[in-house]
Structures are given as structure tokens and as C-alpha cells.
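Protein chains in written order, with our numbering: chain A, 1 to 236; chain B, 1001 to 1236.
These notes concern the structure reproduced below.
2 protein chains.
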Amino acid sequence: MSDPHARDPLKRAAAERAVEFVENRMVLGLGTGSTAAFVVEALARRVAQGLSVVAIPTSEHTAEMARGLGIPLTNFGEHRRIDLAIDGADEVERGTLNLIKGHGGALLREKIVAAASERFIVVVDDEKLVDRLGERFPIPVEIVRFGWQATAAALEKLGTKPELRQTDGRTFITDGGDFILDCPFSSIAQPRQLEQVINMTVGVVENGLFLGRSTAVIVASDNGVDVMTPGAGEKA
Amino acid sequence: MSDPHARDPLKRAAAERAVEFVENRMVLGLGTGSTAAFVVEALARRVAQGLSVVAIPTSEHTAEMARGLGIPLTNFGEHRRIDLAIDGADEVERGTLNLIKGHGGALLREKIVAAASERFIVVVDDEKLVDRLGERFPIPVEIVRFGWQATAAALEKLGTKPELRQTDGRTFITDGGDFILDCPFSSIAQPRQLEQVINMTVGVVENGLFLGRSTAVIVASDNGVDVMTPGAGEKA
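Given below as C-alpha cells:
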């Protein structure tokens, strides 16, 4: 873990495999983060070879990168449904393929894109697999700035210690202008109930639990690339 | 209804009665809208007479008005809990005292303030009373701008025809930078379920249903001012 790029070959391999699912004339959703960046690169190569697609990016960062690599962008004004979204994740629960996302700060747009997609393919290396969500990562909760202290106090009653996300000594602000509270929950036995009480908390915009949204998870490990589907365990 | 100020004497009477509940040294929440403006005026008179309070406003508009009238303002950085919030409403359901709010566009901050308050007093004239929520007003739903068309499409599946709020020919933007979809539901039999499915819709920030939050509703009619409490019907 000391070298942040040590897992890059695995991420790249998983990204390449994910992009094989892209078909001509698809409307795509493009995620945000280090793995999603490899997806954008792999997709750009196929576009350069003649693949015709349009894509909705989940962050300004991904938008810039895609533009620079010649991937035509679109938006929800043109297309209300997405055929296929591809994104990374912070944690993937084995079996359910439920996710925690948002470490990169783009969870809101990523969730909007995932919710609008027919298929949602997640790309990770095997370090992201967990037996239960929450083992390693807190749940990022995007909240409005007004009254954030009261919102944090309300979330604390759910049994977590929310931490206001900071970057370089400053409060992190999302693309939507909100704050993020990182809420550790150790091992999450009932993610659907938890998601509901979090989202019913006044001041919460969205949370990083992605439940029942993955149609496939592509996992790269030293042994190769596997495609997992919900409930089906692993398959080649 | 042709004269927008025809109900002003009733609103003023209800506001005066509400402000009688304010006690020295309280932290107050101040609502937004035409009725809330009478509350601010009535409160300012008591402050001028020596009442010592601090208040958290729910909009820039209310903040300016309170400042101009000499009411000391505070924020959630100083106070995480509010003793008493006073606000108007678009609809009040008899018996339950559940509300629809948000016609003025400040529902998000109003709901954050209501959620953080020990007591929440609602001030209306009797035209706002309904037998069932939704009879007259749509539910305002505050949504993030990114992907708003997809969010509207998702809400449409709940059986409503969301309308993007416009003011003076432009899309209305809230204090938080969001859009509002006005979602008519005619008569709402199960508001708690509806609130939940609305809030679980990705892209939704908050909605204008205020359920189980009113500790009292002050209603002015031509017959005088009544104070209603939840489940208790009307009492003097």
C-alpha cells in the first residue's frame, strides 16, 4: 500500500475487461477515481478504433479527461437513460455485490448516473473485496452546508462518529457545493435499513451505499480477471 | 384571493399569538414567507422591549429582515439545538398537524431548523387547513441540478407529474443552489410512505412534507385565534 500505483496493472486489466462490454451506439456513464480513469483510457482506445458512443461523466475531472481523449460527451438533457455505467468502488461485498463509494468525493453524481443506468459494471482490484460492508471504509454522507453541525449530531445518534472531510487542511467541498461526513460503521449487517435512516435524516443529500445496483463486478487479482454477478459468486 | 394582502390581519394575529410562546434566553428558529415575516415583526417588538433571544434564520431574506429589526442572529456553529422554531405552512392537515411547506422555496433550511428544534410552532390562517395533505398544493421536492431530468423521470413513477419550478420565466434556484420540482399528489393517504420513497429517490435533497414535527399550530380565522396541538383537535 505504500506505493499508490502498485495496483495499477490490476486496475488497468479490470478496466480493459469492463470496456469489452461496451457496444456501438451506447449511452455510457463514466465514473470518477483512479480505476475509472483506466476505464476512460481503455474506452478512448476503442473510440479511436471507430466505436461510436456518447458518455455522461460523473465529475468535472472525468469530463476533462474524456474530452482530452476524444470521447464525445452528452448530458441528461439529451438522454434520460444510460445503457451502461462503469465505475470503481471503495468496498465490494462478496455475494451481494453491494458497494461503498465516495472516497473520491463524487458519490452523488455517481449514484445519479448508476440509478439512471440499465446496467452498472463495477471495476476493482481484489483488495476492495470485503465480507461485510464497512469493514475498511466509512460511509461517506453528502450533506448540505447549512446546519451541518446539527446534521452531524443527528447522524451520531445512529451509532457513528461522523468526521467532516478535510483535504489539505480545508473542508472538502463536493462538485455540488456540499460537505461530506465520513461515517464509520465497522461491519454493516443491515445496509438497507441503514441507508434508509441516513437518507431520512434532514440535511443529508445522499450517501455512499450502493445497494442492489451492481449488475456485474470485474475483479482483477494476481490470478487474473474475474467477472462476478449478484448472488452468483464468481464466474469466468 | 384576488388581494394578496386580504389575509394579512389574520396572519398578523396568529403571529402575535405565536410570539407569546417565546421566553427569555431562548434560541429561536425563524421561518420564511409572508406569515413568518409577521412573526419576525412581532418578535422584534418584544426584543425592543428587552426580551433577550438569538435566532437562526431559514433564508437570506429572513436574515436581512431580522437584522434590520434588531433581532440578534446566530448559527449552528454556536448552537446545535434550537429551543423553539416558528414558521408558516402551505397546508396543515387537521388532526395530525402534518404539513406541506416549500411554496416559498426555503423548505430545506426550514426543515433543518424544524428538525433541530425542541418545539416547532406553525402559524397560519384558516385557509391553509385541509382534511388531507395534497388537496391544494403540490409537494415541493428540492433536487440537485445534475441529472435533474432523470430525477424527475424517477419521481414520475411514483404517480405524479413533476413540474420544474419557474419564477419570472427562469428556473427557480434555491438558497442551496438546487432546483425544485413541484409534485402534485392530490390527496395523500399515506404521507410517511410517500416521504420515504421520495427521499430514497437518488437526486432528491429534501421534500416539503413535515410529518410529526408540529408541536402546535396557531390558526387565525375571522372567529379569532386557536391553538391546535397534534391529535387533540382544537383547543382555546
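C-beta atoms are modelled at their ideal positions from N, C-alpha and C, and glycine is treated no differently.
Contact with chain B by residue i, beta-carbon distance below 7 angstroms
i             : result
residue 109/A : yes
residue 176/A : yes
residue 188/A : no
residue 234/A : Confidence at residue 234/A is low in this model, with a pLDDT of 44, below 50, so its placement is unreliable and no value can be given for it.
residue 207/A : no
residue 139/A : no
residue 76/A  : yes
residue 200/A : yes
residue 157/A : no
Selection from the options that minimises the alpha carbon distance to residue i
i              : options                        : result
residue 1100/B : 1175/B, 1223/B, 1140/B         : 1140/B
residue 1128/B : 1164/B, 1212/B, 1220/B, 1045/B : 1220/B
residue 1224/B : 1050/B, 1014/B, 1114/B         : 1014/B
residue 1023/B : 1052/B, 1130/B, 1080/B, 1189/B : 1052/B
residue 149/A  : 1161/B, 1115/B, 1086/B         : 1115/B
residue 1125/B : 1146/B, 1021/B, 1222/B         : 1222/B
residue 1075/B : 1069/B, 1063/B, 1181/B, 1046/B : 1063/B
residue 60/A   : 48/A, 73/A, 49/A               : 73/A
residue 198/A  : 160/A, 177/A, 7/A              : 160/A
residue 1153/B : 1201/B, 1009/B, 1188/B, 1086/B : 1201/B
residue 1237/B : 1069/B, 1228/B, 1173/B, 1136/B : The first residue shown for chain B is 1001 and the last is 1236, placing residue 1237/B beyond what the model contains.
residue 1189/B : 1228/B, 1151/B, 1179/B, 1135/B : 1135/B
residue 9/A    : 179/A, 35/A, 137/A             : 35/A
residue 1137/B : 1104/B, 1168/B, 1120/B, 1151/B : 1104/B
residue 79/A   : 54/A, 69/A, 120/A              : 54/A
residue 228/A  : 168/A, 120/A, 151/A            : 120/A
C-alpha distance - residue i paired with residue j, whole-angstrom precision
i              : j              : result
residue 1170/B : residue 194/A  : 38 angstroms
residue 122/A  : residue 166/A  : 27 angstroms
residue 286/A  : residue 206/A  : Absent from the structure is residue 286/A, since the part of chain A shown begins at 1 and ends at 236.
residue 186/A  : residue 1026/B : 38 angstroms
residue 97/A   : residue 133/A  : 10 angstroms
residue 41/A   : residue 66/A   : 8 angstroms
residue 83/A   : residue 215/A  : 12 angstroms
residue 163/A  : residue 1226/B : 45 angstroms
residue 1146/B : residue 1203/B : 8 angstroms
residue 1248/B : residue 213/A  : Nothing about residue 1248/B can be reported from this structure: the residues present for chain B run from 1001 to 1236 only.
residue 1155/B : residue 1183/B : 8 angstroms
residue 1012/B : residue 1018/B : 10 angstroms
residue 969/B  : residue 1016/B : Outside the modelled stretch of chain B, which goes from 1001 to 1236, sits residue 969/B, for which no answer is possible.
residue 1081/B : residue 112/A  : 32 angstroms
residue 1158/B : residue 1196/B : 11 angstroms
residue 20/A   : residue 1095/B : 59 angstroms
residue 179/A  : residue 1175/B : 15 angstroms
Residues sharing a beta bridge with residue i, DSSP
i              : result
residue 85/A   : 29/A, 120/A
residue 1167/B : 1170/B
residue 225/A  : 220/A
residue 1057/B : 1030/B
residue 140/A  : 182/A
residue 107/A  : BP columns for residue 107/A are empty, so no partner.
residue 1207/B : 1141/B
residue 91/A   : 100/A
residue 1130/B : 1093/B
residue 1125/B : 1220/B
residue 1073/B : 1055/B
Cβ of residue i within 7 angstroms of any chain A Cβ
i              : result
residue 1224/B : no
residue 1203/B : yes
residue 1144/B : yes
residue 1001/B : With a pLDDT of 48 at residue 1001/B, under the threshold of 50, the modelled position of this residue cannot be trusted, and the question is left open.
residue 1179/B : no
residue 1115/B : yes
residue 1153/B : yes
residue 1080/B : yes
residue 1112/B : yes
Residue i and residue j closer than 7 angstroms at C-beta
i              : j              : result
residue 1056/B : residue 1029/B : yes
residue 1089/B : residue 1058/B : no
residue 92/A   : residue 71/A   : no
residue 1143/B : residue 1181/B : yes
residue 31/A   : residue 110/A  : yes
residue 77/A   : residue 1177/B : no
residue 1208/B : residue 1050/B : no
residue 1130/B : residue 1086/B : no
residue 211/A  : residue 191/A  : yes
Within-7 angstroms CB hit, residue i to chain E
i              : result
residue 1149/B : In the structure shown, chain E does not exist; the protein chains are A and B.
Cβ-heavy atom distance, residue i to the ligand FAD, below 6 angstroms
i             : result
residue 210/A : Among the ligands in the structure shown, none appear at all, so the ligand FAD cannot be discussed.
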